[in-house]
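Note that the sequence shown covers residues -18 to -1, 1 to 133 in mature numbering (1 follows the signal peptide of the UniProt record, and there is no 0). Virtual Cβ for every residue (Gly too), placed ideally from N, Cα, C. Heads up: the structure comes next, in C-alpha cells.
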Amino acid sequence: MRSLIAFALAALATPALAQDAAPPVFTPSELPYPFSSAVQVGDVLYLSGDIGADETGRAVVPGGIEAETRAMFARIGKTLEAHGLGYADLFKCTVMLADMSEWPAFNAIYATYFEKGRYPTRSAMGVNGLALGARVEMECWAWNPQETAEE
C-alpha cells in the first residue's frame, strides 16, 4: 500500500509545480562520470541508472547477467542506504537489458530483493548498448518523505 501511495503522490504532487517547493538536492556520484547518483525532489529520491560496475566504475564485474545484476543491486543498495532507505522504499524501476533473452535470469535475482507481492512498478526494455558493455542497467524512484518546517 505504501508503494501505491508513494507512486500516486509522486504523480500528482510534483514539487516542481509547487510555489513553496524546496529545490532539488543533488548527491554527487563517487564514480568518475558527470552525473549525480541521486536527486531528491520533494518526497521522491530519483536514483540514476546503475550497472553492475566494479568498485572503480570503469568496468563491469565478470560473470555475466547474474553477477552484474547482484553488483548493480549492491550499488543501488549503497545509494539507498546513504539516504536512510532500503529496497522496500523503491516504488518504480526501469530496467534496460542488452539481451531480452536474459530477462528470466534477471527476474530470478530481482525478485529476491523485495518482499513477495510488494514489488515496485516496473518498465523494461531491450537496448542496443549500455555503458561499459553492461548486460543490465536499472534506474529507480524511492519514497523518501521530507520533513517540512511546519511539522
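DSSP state of residue i mapped onto helix, strand, coil
i      : result
Leu112 : coil
Ala87  : helix
Ala80  : coil
Ala4   : coil
Option in the options with minimal Cα separation from residue i
i      : options                      : result
Asp81  : Tyr28, Pro127, Leu29, Glu48  : Glu48
Glu50  : Leu114, Asn126, Val21        : Leu114
Asp32  : Leu67, Val42, Asn126, Gly46  : Val42
Val109 : Met78, Ala70, Glu97          : Met78
Ala64  : Leu29, Glu129, Val23, Pro102 : Leu29
Pro127 : Met54, Gly66, Asp25          : Asp25
Ala20  : Ala87, Glu37, Gly66          : Gly66
Glu12  : Thr103, Thr94, Thr38         : Thr38
Ser105 : Pro44, Arg40, Trp85, Gly46   : Trp85
Trp125 : Val23, Thr9, Val7, Pro6      : Val23
Gly46  : Tyr92, Ala87, Arg40, Pro102  : Ala87
Backbone CA spacing between residue i and residue j [nearest angstrom]
i      : j     : result
Arg52  : Ala4  : 34 Å
Asp90  : Gly68 : Residue 90 is actually Ala in this sequence, not Asp. Cα to Cα, the separation comes out at about 19 Å.
Ala96  : Ala70 : Checking the sequence, you will find Phe at residue 96 rather than Ala. Spanning the two alpha carbons is a distance of roughly 6 Å.
Gly111 : Ala35 : 15 Å
Met107 : Ser83 : 11 Å
Any C-beta of chain B under 8 Å from that of residue i
i      : result
Thr103 : Here there is only one protein chain, and chain B is not present.
| task | Could you say if the stretch 71 to 84 and the stretch 109 to 128 meet the contact criterion of at least three C-beta pairs nearer than 8 Å? | result | Below 8 Å, enough C-beta pairs join the stretch 71 to 84 and the stretch 109 to 128 to call them touching: three or more.
| query | What alpha helix (DSSP H) runs, 4 residues minimum, are completely inside the stretch 23 to 74? | reply | DSSP runs (the alpha helix (DSSP H)) wholly in the stretch 23 to 74: 46 to 64.
| message | Taking contact to mean 3 or more Cβ pairs, one atom from each stretch, closer than 8 Å, check whether the stretch 106 to 120 and the stretch 50 to 67 are in contact. | response | In short, these stretches touch, since the Cβ pair count reaches three.
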